[in-house]
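Numbering (my numbering), first residue to last: 205 to 365.
Just so you know, even glycine gets a beta-carbon here, dropped at the ideal spot from N, CA and C.
This structure is a prediction, so every number in the text was calculated from the model and none was measured.
Before any comments, here is the structure.
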Amino acid sequence: MTSKESPAPQQSDPGLAQGWCTLAALHGRIQTHIERVLQAAHGLSVREFSVLDVLSRQHTGEGGHLRMQQLAEAVVLSQSATTRLVNRLEERSLLVRYLCPPDRRGIYTDVTGAGRKLLDQARPTHDSALREALEKANKRLELSPLVSAVRSLAKAAETND
205 MTSKESPAPQ
215 QSDPGLAQGW
225 CTLAALHGRI
235 QTHIERVLQA
245 AHGLSVREFS
255 VLDVLSRQHT
265 GEGGHLRMQQ
275 LAEAVVLSQS
285 ATTRLVNRLE
295 ERSLLVRYLC
305 PPDRRGIYTD
315 VTGAGRKLLD
325 QARPTHDSAL
335 REALEKANKR
345 LELSPLVSAV
355 RSLAKAAETN
365 D
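This is the structure we're talking about:
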C-alpha cells in the first residue's frame, strides 16, 4: 500500500456498538443512583467517594500513598480534573498532599482522619445504593446479562482476596 492509498474500510459491527451503548447505559444508571444517594446522605459525589476509596485502599504504610498521576489513572480522570477534585477534598480537610521524600518534585496524596471517618460512614451507603441500582437494572432484559457479569466479577474478586 502506498502512502496515498487508504486502508480498507472496517466492516460495521452494530452488535459491538449496541453492546457498548448498553454497558454505558448500565454505568450511567448506577452512577446516577449512587450520586444521588451519596450526595443526600454524606455530601459526597461519586468521584469524591472514589478518590477517598482508592486512596484508603492504597495506603499500606510507608510507600503506600499515590502520586497525583497514579490517582488520576485509578479513578479514570484527567490529571487536571483529578487536581481540581483533590483541591476540593483538601479544602474540606478530607485529603492531604505532601512532597514525596525521595523525589521532591512528586506529590503524594493521602486520606486524613476526617476523610477516613467520612468514607467509613459513606461506604455502607454506597454499597447499598450499588446493590439497589443493580437490582433495578437486573429487571431490564437488555441490562440483565451485564448485571450478572458484574456480580460474577465481584464473586471472583472475593475469591482472590
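query, result
"Mind checking alanine 358: buried by the 16 CB within 10 Å criterion, or exposed?", "exposed"
"If we define contact as Cβ-Cβ less than 9 Å, is lysine 359 a contact residue for chain D?", "No chain D appears in this structure, which consists of one protein chain only."
"For alanine 326, count the other beta carbons within 10 Å of its own beta carbon; 16 or more makes it buried, fewer makes it exposed. Which is it?", "buried"
"Would you tell me roughly how many angstroms separate the C-alpha atoms of alanine 278 and threonine 363, rounded to the nearest one?", "22 Å"
"Have a look at alanine 245 and threonine 329 and give me their C-alpha separation to the nearest angstrom.", "8 Å"
"If we ignore side chains and look at the alpha-carbon of each, how far apart do leucine 322 and arginine 335 end up?", "20 Å"
"Here's the rule I'm using: 16 or more other beta-carbon atoms within 10 Å means buried, otherwise exposed. How should serine 348 be labelled?", "exposed"
"Is it true that the region 337-356 meets the region 229-247, where meeting means three or more beta-carbon pairs spaced less than 8 Å apart?", "yes"
"From which residue to which residue does the beta strand (DSSP E) around aspartate 314 run?", "311-315"
"If we require 3 or more residues per run, which beta strand (DSSP E) segments fall completely within the region 264-307?", "299-303"
"Going by alpha carbons, who is nearest to aspartate 331 out of Gly317, Leu270 and Val241?", "Val241"
"With H, G and I counted as helix, E and B as strand and the rest as coil, what does DSSP make of glutamate 346?", "coil"
"Quick one: what's got a C-beta closer than 7 Å to serine 260's C-beta in the same chain, skipping five residues either side?", "Val315, Arg320 and Leu323"
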